[in-house]
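Reviewing the structure listed below.
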Amino acid sequence: MTHHLPGKSERTGSASSIEILYEDNHLLGVVKPVNIPVQEDATGDLDLLSLLKEDVKVRFNKPGNVYMGLVHRLDRPVGGAMVFAKTSKAASRLSESVRSHSFNKVYLTVVHGKPPASHGRLVDTLLKDAKSNTVTVVRKGTPGGKEAILDYSVLGTAEGFSLLKIDLLTGRSHQIRVQLSSIGCPLYGDQKYGAAVNRPGQQIALWSAVVGFPHPVTKNAVELLSLPPQTHPWSLWPQPLQKQAVL
């Protein structure tokens, strides 16, 4: 297995700087900055997909439109590792990896309190309200409800917070945020599912640490690694601990 570590940084076509974790003719792996939408939304704010298309167009002097396939998503306030497809064939094969559960996603998060066990599996039925863009845990069998599964491990506790590693087994909207809030451990900084314990302006502490998948062409295992910034509350735990936990 190849681990692709942070280090190389490229300028995009805008003033922003997007860190590139991996790139070949088929794939582009990057660190998504926090508070930027993955794709164009109702706000009209600059989005990551458009930035990357422009960047590839400029760097490779490509005429016309650049293809960039969106295979998975991160919520706007969440940062970390993401992979995009540079060809439609790669996009199709990566999407198939997602469907067949050979697309691996590992997150780090800081939550208030401590889960009841040091590690465990959460299985819930989630229902999304598109109007309010909120998700709630509902009873199994509720019309429109979708099963959500994640595994968590507590990596450490400090100052009333816990650092968790999350293995995401399904990819439901707001899944990690809702499921952890439902067991009394809302994410640090999450205004939507933890307003009672978080202050406005705090940055949500949820980070896409690892994205792993078989390469769509070579079939070799690719693993992209990104660690959260060493700012509070992440800095309560040493970065080597975080890295060791997710690899």
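Sequential numbering of the sequence shown, starting at 814, is according to our numbering. Idealized CB from N, CA, C, for every residue including glycine. Here the structure is a predicted model, which means the values were calculated and not measured.
Below 8 Å, enough C-beta pairs join the stretch 901-921 and the stretch 1020-1029 to call them touching: three or more. Excluding five sequence positions before and after ALA904, the CB atoms of its chain that fall closer than 7 Å to its own CB belong to GLY882, VAL884, ALA898, given in chain order. Here TYR835 has HIS817, LEU841, GLY842, VAL896, VAL1035, LEU1037 as same chain residues with Cβ atoms under 8 Å from its own Cβ, once five neighbours each way along the sequence are excluded.
Bridge pairing for SER1021: GLY893, TYR920 [DSSP]. The continuous stretches of beta strand (DSSP E) do not include VAL879, and DSSP gives it neither H nor E. Here the alpha carbon of THR856 sits roughly 31 Å from the alpha carbon of SER910. HIS925 places its beta carbon less than 7 Å from that of PRO999.
For the pair of segments examined, the stretch 949-968 was found to touch the stretch 920-939: the number of CB pairs separated by less than 8 Å reaches three.
Its chain contains LEU1049 as the residues whose beta carbon lies nearer than 7 Å to that of GLU972, once the 5 sequence neighbours on both sides are disregarded; these appear in chain order. Taking 7 Å as the cut-off, the Cβ atoms of VAL991 and TYR1001 do not count as close.
Taken atom to atom, the span from the alpha-carbon of ILE962 to that of LEU981 is near 7 Å. A straight-line Cα-Cα distance of about 41 Å links SER863 and SER931.
With fewer than 16 neighbouring CB atoms inside 10 Å of its own CB, SER901 falls in the exposed class. The Cβ atoms of ALA1018 and VAL923 lie closer than 7 Å to each other. Just measuring C-alpha positions, the residue of SER975, ASN946, VAL967 sitting nearest HIS987 is ASN946. Within the model, the alpha-carbon separation for VAL891 versus LEU1040 is close to 12 Å. Counting C-beta atoms within 10 angstroms of its own C-beta, GLN1055 has 16 or more neighbours from the protein chains shown and is therefore classed as buried.
If you draw a straight line from the Cα of LYS845 to the Cα of TYR880, it is about 18 Å long.
A straight-line Cα-Cα distance of about 7 Å links PRO876 and LYS870. Taking C-alpha positions only, TRP1020 is separated from HIS1028 by approximately 23 Å.
The distance from the Cβ of PRO929 to that of ILE996 is about 7 Å, consistent with a contact at the 8 Å cut-off. Every unbroken stretch of the alpha helix (DSSP H) spanning 4 or more residues and falling wholly within the stretch 957-1015 is given here in chain order: 988-995.
A Cβ-Cβ distance of about 7 Å is found for the pair LEU921 and VAL1059, placing them in contact under the 8 Å criterion.
Going by DSSP, ALA1034 is part of the beta strand (DSSP E) stretching over 1034-1038. Closest in C-alpha terms to LEU993, from the list GLN1015, ASP964, LYS1032, VAL851, comes ASP964.
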